[in-house]
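I have placed the structure first, in the form of structure tokens, so that the comments after it can refer back to it.
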């Protein structure tokens with residue numbers, strides 16, 4: 001005879017091993033933003049990497065695409081506890097942008113149209129770990145989801161995948177960006193639940 005009523009301890013369910021701790025699987029793609037949604041025409045969009053000397057390396061939309069667009073399948077994990085698995089993306093590897101950019105610095109600050117910033121260790125952007133994404137789920141990125149282009153760093157919490165990305169600035173130290181200044185973790189590894197400081 002059981003002394004615990006069925007349902008009292010919650011639903012028993014198998015946990016998907018692809019879900020980091022504390023995450024819940026969703027089928028939709030929630031829209032979360034820290035401010036108004038910028039609308040940037042691809043004719044006006046550009047991407048800039050500022051190296052440690054202060055030199056700017058620039059790409060127009062067409063120049064970015066000419067580097068080679070890849071198909072990516074990645075899981076994404078939001079700090080607000082939702083995850084979407086096996087999401088199809090298209091984008092340009094950040095590795096291609098750094099082929100002609102040299103730096104001894106170990107960190108970057110990602111900057112977005114609209115003023116958003118987030119800090120990322122350079123090693124989290126290289127070796128096939130990050131992209132400038134231009135499509136998701138087979139469609140061009142909507143402005144609400146960061147279009148025309150967003151940073152995609154799927155192995156970190158999704159606030160690191162800066163919407164409306166416009167550039168990276170090399171940094172010698174891991175200075176905090178927008179959410180990091182407001183209590184979010186400097187790195188944001190979902191497998192370690194690095195949500196907050």
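Residue numbers (the UniProt record's numbering): 1 to 197. For glycine and all other residues, C-beta sits at the position ideal for the given N, C-alpha and C.
Straight-line CA distance for residue 19 to residue 192? In the chain shown, residue 19 corresponds to position 19, counting from 1. In the chain shown, residue 192 corresponds to position 192, counting from 1. Whole-angstrom Cα-Cα distance: 12 angstroms.
Is there contact between the stretch 44-51 and the stretch 162-181, where contact requires at least three CB pairs shorter than 8 angstroms? yes
Taking the alpha-carbon positions, what's the residue 56 to residue 111 distance? Taking the chain shown and counting its residues from 1, the one referred to as residue 56 is at position 56. Taking the chain shown and counting its residues from 1, the one referred to as residue 111 is at position 111. Taking the straight line joining both Cα atoms gives about 14 angstroms.
Can you list, in chain order, the residues of its chain with a C-beta nearer than 7 angstroms to that of residue 185? Leave out the 5 residues immediately preceding and following it. Your numbering for residue 185 matches position 185 in the chain shown. If we look at residue 185 and ignore the five residues flanking it on each side, its Cβ neighbours are 194, 195, 196 and 197.
CB-CB under 7 angstroms to residue 150, same chain, minus the five flanking residues each way: which ones, in chain order? Walking along the chain shown from the start, residue 150 turns up at place 150. 133, 141, 161, 162, 163, 164 and 165, listed in sequence order.
Does the distance from the CB of residue 129 to the CB of residue 155 come in under 8 angstroms? The residue labelled residue 129 in the question sits at position 129 within the chain shown. The residue labelled residue 155 in the question sits at position 155 within the chain shown. Contact: yes.
Spatial neighbours of residue 96 within its chain, please: C-beta separation below 6 angstroms, excluding the five flanking residues on both sides. Position 96 of the chain shown, counted from the first residue, corresponds to residue 96. Result list for residue 96: 67, in chain order.
Residue 173: which of 136, 103 and 189 sits nearest, CA to CA? Along the chain shown, read from residue 1 onward, the residue named residue 173 stands at position 173. When only C-alpha atoms are compared, the closest one is 103.
Whole angstroms is fine: what's the gap from residue 198's alpha carbon to residue 138's? This structure does not reach residue 198, given that the chain is present from 1 up to 197, and the question cannot be answered.
Would you mind working out which of 144, 27, 118 and 126 sits nearest residue 183, comparing C-alpha positions? Translated into positions along the chain shown, residue 183 becomes position 183. The option with the nearest alpha carbon to residue 183 is 118.
DSSP state of residue 81 mapped onto helix, strand, coil: By one-based count along the chain shown, residue 81 stands at place 81. Three-state DSSP puts residue 81 in coil, outside helix and strand.
By how many angstroms is the C-alpha of residue 84 removed from the C-alpha of residue 44? By 1-based counting over the chain shown, the position of residue 44 is 44. By 1-based counting over the chain shown, the position of residue 84 is 84. If I take the Cα positions, the gap works out to 31 angstroms.
Three-state class that DSSP yields for residue 145 in the structure shown: What you label residue 145 is simply residue 145 of the chain shown in a count that begins at 1. Residue state, collapsed to three classes: helix.
In whole angstroms, give me the CA-to-CA distance for residue 178 and residue 47. Counted from its first residue, the chain shown places residue 178 at position 178. Counted from its first residue, the chain shown places residue 47 at position 47. Answer to the nearest angstrom: the Cα atoms are 20 angstroms apart.
Beta-carbon proximity list for residue 93, same chain, < 7 angstroms, skipping 5 on both sides: Reading the chain shown from its first residue, position 93 is the one you call residue 93. Excluding positions up to five away in sequence, the list reads 70, 128 and 131.
My guess is that residue 108 and residue 126 are in contact by the Cβ rule of under 8 angstroms, so how many angstroms apart are they, rounded? Indexing the chain shown from 1 puts residue 108 at position 108. Indexing the chain shown from 1 puts residue 126 at position 126. About 10 angstroms; that fails the 8 angstroms criterion.
My output table needs one value for residue 3: the three-state DSSP class, helix, strand or coil. Walking along the chain shown from the start, residue 3 turns up at place 3. With a pLDDT of 40 at residue 3, under the threshold of 50, the predicted position of this residue should be treated as unreliable, though the coordinate-derived value follows. Here residue 3 sits in coil by DSSP.
Got a sec, what are the start and stop residues for the beta strand (DSSP E) residue 131 sits in? Mapped onto the chain shown, residue 131 falls at position 131. Element bounds for residue 131: 131-136.
Through-space distance from residue 101 to residue 122, alpha-carbon basis: For this step, residue 122 is matched to residue 122 along the chain shown. For this step, residue 101 is matched to residue 101 along the chain shown. Whole-angstrom Cα-Cα distance: 12 angstroms.
How many angstroms separate the CA atom of residue 24 from the CA atom of residue 31? For the purposes of this step, residue 24 is identified with residue 24 of the chain shown, where counting begins at 1. For the purposes of this step, residue 31 is identified with residue 31 of the chain shown, where counting begins at 1. Rounded to whole angstroms, residue 24 to residue 31 spans 16 angstroms at the Cα level.
DSSP puts residue 195 in a beta bridge; with which residues? Locating residue 195 in the chain shown gives position 195, counting from the first residue. The partner list for residue 195 (beta bridge, DSSP) is empty, contrary to what the question assumes.
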